[in-house]
Amino acid sequence: MGMARSFNNWVKYRQTVSELDRMSTRELSDLGINREDIRRVARKASF
14 MGMARSFNNW
24 VKYRQTVSEL
34 DRMSTRELSD
44 LGINREDIRR
54 VARKASF
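Encoded structure:
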């Protein structure tokens with residue numbers, strides 16, 4: 014079960030990073046996210 018959960022968390026992380034990467038800098042700014050913070054935000058949302 015732990016391995017499956019880890020994999021699902023990783024998939025969720027990658028999807029979140031991908032979605033945020035596709036956003037414009039303006040859209041990210043509207044959400045209060047800097048481009049440099051994408052991975053940190055995705056990690057927090059996924060794990």
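Take the sequence shown: its letters are residues 14 to 60, numbered as in this note's numbering. All C-beta atoms in this analysis are idealised placements derived from N, C-alpha and C, irrespective of residue type, glycine included. Since this is a predicted model, take the numbers as computed values, not measurements.
Compare the beta carbon distance of residue 55 and residue 38 with 8 Å and say whether it is the shorter of the two. no
Distance between residue 23 and residue 16 (C-alpha atoms, nearest Å): 11 Å
Beta-carbon gap between residue 51 and residue 34 smaller than 8 Å: yes
Tell me which residue opens and which closes the alpha helix (DSSP H) that residue 35 is part of. 15 to 35
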